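In the working numbering, the protein residues as written are 406 to 570.
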Amino acid sequence: MIDYIVYKTHTGFTESYAKMLSKQTGIPAISSDEAKKSLKSSSNIIFMGWIRAGQIRGLKRFRKNQNLKCVCGVGMTAPDKSLDERLVEQNKLENHPFFYLQGGFDLDKLDGLYKIIMEAAVKAINKETDDDDKNNEALQTMENGCNYVSMDKLTPIIKWVNANK
Ligand SMILES: Cc1cc2nc3c(=O)[nH]c(=O)nc-3n(C[C@H](O)[C@H](O)[C@H](O)COP(=O)(O)O)c2cc1C
406 MIDYIVYKTH
416 TGFTESYAKM
426 LSKQTGIPAI
436 SSDEAKKSLK
446 SSSNIIFMGW
456 IRAGQIRGLK
466 RFRKNQNLKC
476 VCGVGMTAPD
486 KSLDERLVEQ
496 NKLENHPFFY
506 LQGGFDLDKL
516 DGLYKIIMEA
526 AVKAINKETD
536 DDDKNNEALQ
546 TMENGCNYVS
556 MDKLTPIIKW
566 VNANK
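Here it is in structure tokens:
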């Protein structure tokens with residue numbers, strides 16, 4: 406029985422997924438800040454966090470303090486099996502059900518330092534990229550943003566929730 410969906414978001418994609426999952430399953434979704442204040446250590450949770458350099462943000466605290474039943478990582482990369490394996494290894498999730506969700510990217514919503522870092526990265530990639538290759542996908546994604554959030558991506562997680570009620 407899952408008591409809460411706890412999410413940590415930076416630009417809102419993870420929050421969108423958490424709220425969609427909450428609507429579909431009836432499990433309340435709360436932000437990690439809210440959870441830090443009010444969640445009991447006995448609570449069973451699904452944790453959803455945005456990915457920074459391969460790390461699922463906010464996971465450590467909830468792994469330690471709550472009954473962590475399932476983990477979702479939200480990044481901008483297209484899903485594939487080797488990415489899942491890498492994320493499981495990097496975040497030590499071998500003993501947890503893990504789901505990767507493709508979120509999106511929004512340069513304008515990034516906080517100060519992240520925005521500076523990512524703008525510098527875009528500039529550096531642009532400088533190193535030939536004019537012919539300027540419309541490569543990664544560069545376009547970072548410059549123009551993207552949003553891959555959709556309900557159908559939650560299907561495997563909803564199945565897992567229904568099987569673990
Ligand atoms: C500094 C930084 C590092 C990132 N590293 C990764 C990464 O390693 N893998 C990935 O798929 N996405 C990465 N992203 C993209 C975010 O995970 C993606 O935009 C995610 O959807 C953000 O979720 P949020 O809107 O809930 O914060 C990175 C973004 C930033 C700003």
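Positions of the beta carbon are idealized from the N, C-alpha and C atoms, including for glycine.
These numbers were taken from a predicted model, which means no experiment stands behind them.
Do residue i and ligand 1 come close, with the Cβ less than 7 Å from some heavy atom?
i, result
"R491", "no"
"M523", "yes"
"A434", "no"
"T482", "yes"
"R457", "yes"
"T546", "no"
"V527", "no"
"L515", "yes"
"V479", "yes"
"E494", "no"
"G463", "no"
"E420", "yes"
"F467", "no"
"H415", "yes"
"G550", "no"
"G651", "Nothing can be reported for residue 651: it is not among the residues displayed for the chain, which extend from 406 to 570."
"F503", "no"
"F510", "yes"
"Y409", "no"
Please state the DSSP three-state secondary structure of residue i.
i, result
"K570", "coil"
"G550", "coil"
"G417", "coil"
"I522", "helix"
"M425", "helix"
"N346", "Within the shown structure, residues of the chain are numbered from 406 to 570, placing residue 346 beyond reach of any answer."
"I407", "coil"
"G431", "coil"
"S555", "coil"
Measure the beta-carbon distance from residue i to residue j and round it to whole angstroms, keeping in mind my assumption that it falls under 8 Å.
i, j, result
"Q507", "G480", "7 Å"
"G509", "C551", "5 Å"
"I451", "N472", "No, I451 and N472 are not in contact; Cβ-Cβ is about 11 Å, not under 8 Å."
"S437", "G463", "5 Å"
Any C-beta of chain C sitting closer than 8 Å to the C-beta of residue i?
i, result
"T430", "Annotation note: the requested chain C is absent from the structure, which comprises a single protein chain."
#### Entry: Whole runs of the beta strand (DSSP E) within the segment 456–511, excluding any shorter than 3 residues
472–480, 503–507
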